[in-house]
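Going by the working numbering, the letters in the sequence shown line up with residues 192 to 726, in that order.
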Amino acid sequence: MADPLDPQGDSEVLVTAQEYTGPELFFGLVGAVGIDLRFVSDVLARELQSVGYGVHEVRLSSLLSECAKYQHLEQADPENIRIKAYMDAGDDFRRTSRRGDAVALLAMAKVREMREEMTENPARPVPGQAYVFNSLKHPDEVDTLRRVYGAAFFAISIYESTDRRRVSLCEKIAKSSHKYDWTQFGDEAEDLIERDQKDVSDDFGQNVRDTFPKSDLFLNANKPGELEIEIRRFVRILFGYPFASPTVDEFCMFHARASALRSVDLSRQVGAVIATSKGAILSTGCNEVPYPGGGSIWESEIDETRPDNRDFVVGYDSSVRMAHELISEVLKRLSATGWLNDAKKAIDPDTLAQQALFQGNPPPLKGTRAAGVLEFGRVVHAEMAAISDSARRGVAIEGASLYCTTFPCHMCARHIISAGLTRVVYIEPYPKSLTKHLHSDAACIDYDSSAPANAVSFVPFMGIGPRRYFELFEMSSDRKDSTGRATVWKPSDATPKIAQFSTYPDLERGHVELLEQNQETWGIMSADSMREDRQ
192 MADPLDPQGD SEVLVTAQEY TGPELFFGLV GAVGIDLRFV SDVLARELQS VGYGVHEVRL
252 SSLLSECAKY QHLEQADPEN IRIKAYMDAG DDFRRTSRRG DAVALLAMAK VREMREEMTE
312 NPARPVPGQA YVFNSLKHPD EVDTLRRVYG AAFFAISIYE STDRRRVSLC EKIAKSSHKY
372 DWTQFGDEAE DLIERDQKDV SDDFGQNVRD TFPKSDLFLN ANKPGELEIE IRRFVRILFG
432 YPFASPTVDE FCMFHARASA LRSVDLSRQV GAVIATSKGA ILSTGCNEVP YPGGGSIWES
492 EIDETRPDNR DFVVGYDSSV RMAHELISEV LKRLSATGWL NDAKKAIDPD TLAQQALFQG
552 NPPPLKGTRA AGVLEFGRVV HAEMAAISDS ARRGVAIEGA SLYCTTFPCH MCARHIISAG
612 LTRVVYIEPY PKSLTKHLHS DAACIDYDSS APANAVSFVP FMGIGPRRYF ELFEMSSDRK
672 DSTGRATVWK PSDATPKIAQ FSTYPDLERG HVELLEQNQE TWGIMSADSM REDRQ
């Protein structure tokens, strides 16, 4: 595949970090178990070096093994046992500290240690240096790193199909077990994949699924060659390359995100756009309560004759209320027919339903389908709003693509298929969706090779995400010189397109001090080691 940012194939111009005065940059990699994130880190480092940056990789799993409580991790073997041991350690560290971002605090401490080695001052930012955090496993880690480092932090999510990751894990487990037949380790690989995705029973458990959509850049590891080109494109755009424009997918997903911001739904904001293959937008939608006459109400339309009918005005989420009523109804029937024990039978069914849905850590019914019924909400889902918008205006959408900020639920999926749309692009997964199970004959989910050839394709978004769209694509330098000739972008002269600020070392220090105050409690250092340090 040709590189659109280097059509002549010119060689890189390398400069040393000492010749450069750009601000520190921070990159957090997010990827499911089985993805070769070391390859991604190496490619990112190479491209950053091409614009004069020094690069330091911070492996978060290694930081855990340096803690006194988790020193046993280095001896874990074979591969599935080793990975599980690190997952257990990460969960335990977050649970002990009661912080979802606990491992990210270790990463900040490591950055300060690296700075001290370079400048003898851990609080002094080192110009022309980048730090790659490999890898982030909890959404709180992304949130904290973004709060501390601001615009200098970029989260990068890497996607690879489950089938490819399963094979990769099986091969590694077989090799570490000194076995030839890797196919016998499918169950072990599947267990790791399932746990890595999200532990619904533990707020501090590993949670790649909810971390993934928080990123600024999304990459596809199914095609390593294209992944390298996309990383190069991202780095050059970040460093002011003035002639890069959005792809169709980037343009349309940005508009889907803009549509989502219309919603004041009590649960989430979802936006959708239907567009042609050339990027012409045919219709838009967001998840919002419908209004007579079509669509949903705009703020500017609200008056005495057109009252606001949205859920926040009504005062409750009808889906949650209906779930409570359904559970209560079932419990009443079970109580009446003797299916409940005496202790539960003595409790009013409405109270018992309340306890089952909302009390406990976690509540007994948290994460169940009964607690998350979809069909009783008042809002029109974003995908259906976009489809009905086009139907109302007589705009044909057959053969078009739908861009949605969240994976469609199974109710929307059947209408997407029926409407003749051929491709769905999404950012955030939606585990409640049963699309794959109910429509395997008509929907191809995440490049599933077993799907029919004419199935509607549901694929994760790849490219620069809506979060940094304006910042990275807005023209920030002259594209022509005084004679009208196009400027020549040079890696050796490039600077990052971010607002520089100097307060983040103070924020960083505050988080690291929290680590220092809890070294023994959180298992970072043993009591004996701390006594030795004091002596």
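Don't be surprised by glycine CBs; every beta carbon is placed ideally from N, CA and C.
Could you check where the alpha helix (DSSP H) with residue i kicks off and where it finishes?
i, result
"leucine 625", "Counting along the chain, leucine 625 falls outside any alpha helix (DSSP H), and DSSP gives it neither H nor E."
"glutamate 441", "439–451"
"threonine 287", "270–288"
"glutamate 699", "695–708"
"isoleucine 364", "353–367"
"valine 302", "293–310"
"phenylalanine 376", "Neither: phenylalanine 376 is in no alpha helix (DSSP H) and is coded neither H nor E."
"leucine 264", "Segment: none, leucine 264 is in no alpha helix (DSSP H) and carries neither H nor E."
"threonine 335", "330–340"
"leucine 252", "The amino acid occupying residue 252 in the given sequence is serine; leucine does not appear at that position. Run containing serine 252: 251–256, per the alpha helix (DSSP H) assignment."
"phenylalanine 692", "Run containing phenylalanine 692: none; DSSP gives neither H nor E here."
"phenylalanine 503", "502–505"
Check the C-beta distance from residue i over to residue j and give it rounded, since I have them as a contact under 8 Å.
i, j, result
"glycine 476", "alanine 610", "Contact doesn't hold; Cβ gap of about 12 Å is too wide."
"glycine 728", "phenylalanine 409", "Lying before the first or after the last residue shown, residue 728 is absent from the chain, which here runs from 192 to 726."
"asparagine 413", "glutamate 351", "6 Å"
"threonine 613", "serine 579", "Between serine 579 and threonine 613 the Cβ distance is about 19 Å, and since that is not below 8 Å, they are no contact."
"leucine 220", "asparagine 325", "5 Å"
"isoleucine 349", "valine 231", "6 Å"
"alanine 346", "aspartate 407", "5 Å"
"methionine 716", "glutamine 708", "Not a contact, Cβ separation roughly 12 Å."
"proline 604", "histidine 630", "Note on identity: in this sequence residue 604 is alanine, with proline being the wrong assignment. Yes, alanine 604 and histidine 630 are in contact; Cβ-Cβ is about 6 Å, under 8 Å."
"aspartate 292", "aspartate 233", "Their Cβ separation, rounded to whole angstroms, is 26 Å, which puts aspartate 292 and aspartate 233 out of contact at 8 Å."
"valine 586", "serine 474", "6 Å"
"serine 367", "proline 481", "The pair is not a contact, with the Cβ atoms about 56 Å apart (cut-off 8 Å)."
Under 8 Å, do residue i and residue j count as touching if we go by C-beta distance?
i, j, result
"isoleucine 623", "glycine 563", "Reading off the sequence shown, one finds lysine at residue 623, where the question assumed isoleucine. Yes, the Cβ-Cβ distance between lysine 623 and glycine 563 is below 8 Å."
"lysine 275", "leucine 360", "no"
"cysteine 600", "valine 615", "no"
"serine 751", "glycine 431", "Residue 751 cannot be examined here, being either before or after the span of the chain that is shown, 192 to 726."
"alanine 298", "leucine 251", "yes"
"serine 519", "glycine 568", "no"
"glycine 318", "arginine 303", "The sequence shown places proline at residue 318, rather than the glycine named in the question. Cβ atoms of proline 318 and arginine 303: not closer than 8 Å."
"proline 316", "proline 687", "no"
"proline 404", "glutamate 619", "yes"
"glutamate 665", "valine 339", "no"
"valine 570", "aspartate 499", "no"
"tyrosine 638", "valine 650", "yes"
"phenylalanine 503", "leucine 336", "no"
"arginine 306", "glycine 225", "no"
"aspartate 437", "arginine 670", "Aspartate is not the amino acid found at residue 437; the sequence shown has proline there. Result no, Cβ atoms of proline 437 and arginine 670 do not sit closer than 8 Å."
"lysine 389", "aspartate 401", "yes"
"valine 249", "valine 323", "yes"
How would you call residue i, buried or exposed, if buried means at least 16 neighbouring beta carbons within 10 angstroms?
i, result
"glycine 714", "buried"
"valine 464", "buried"
"threonine 678", "exposed"
"asparagine 271", "buried"
"aspartate 494", "exposed"
"glutamine 240", "buried"
"histidine 369", "exposed"
"asparagine 411", "buried"
"asparagine 478", "buried"
"arginine 524", "exposed"
"phenylalanine 692", "exposed"
"arginine 228", "Reading off the sequence shown, one finds leucine at residue 228, where the question assumed arginine. It counts as buried."
"glycine 416", "exposed"
"glutamine 262", "exposed"
"tyrosine 507", "exposed"
"glutamate 516", "exposed"
"tyrosine 371", "exposed"
"glutamine 143", "Here the chain comprises residues numbered 192 to 726, so residue 143 is not present and cannot be evaluated."
"leucine 296", "buried"
"arginine 448", "buried"
"alanine 544", "buried"
Starting from residue i, follow the beta strand (DSSP E) in both directions and report where the run begins and ends.
i, result
"leucine 473", "472–477"
"glutamine 320", "320–325"
"isoleucine 493", "That residue, isoleucine 493, is in no beta strand (DSSP E); it is neither H nor E in DSSP."
"serine 348", "344–350"
"valine 679", "Here valine 679 belongs to no beta strand (DSSP E), and DSSP marks it neither H nor E."
"valine 464", "462–466"
Checking contacts by CB at 8 Å: is residue i closer than that to chain B?
i, result
"serine 581", "Any reference to chain B falls outside this structure, which holds one protein chain only."
Unbroken beta strand (DSSP E) runs of length 3 or more, entirely within the segment 401–430: which are they?
408–411
Restricting to runs no shorter than 3 residues, where is the beta strand (DSSP E) found entirely within the segment 524–598?
592–597
Completely contained alpha helix (DSSP H) runs for the segment 609–671, where each covers 4 or more residues
626–629 and 660–664
Sequence ranges, alpha helix (DSSP H) only - wholly within the segment 207–245, length at least 4:
228–241
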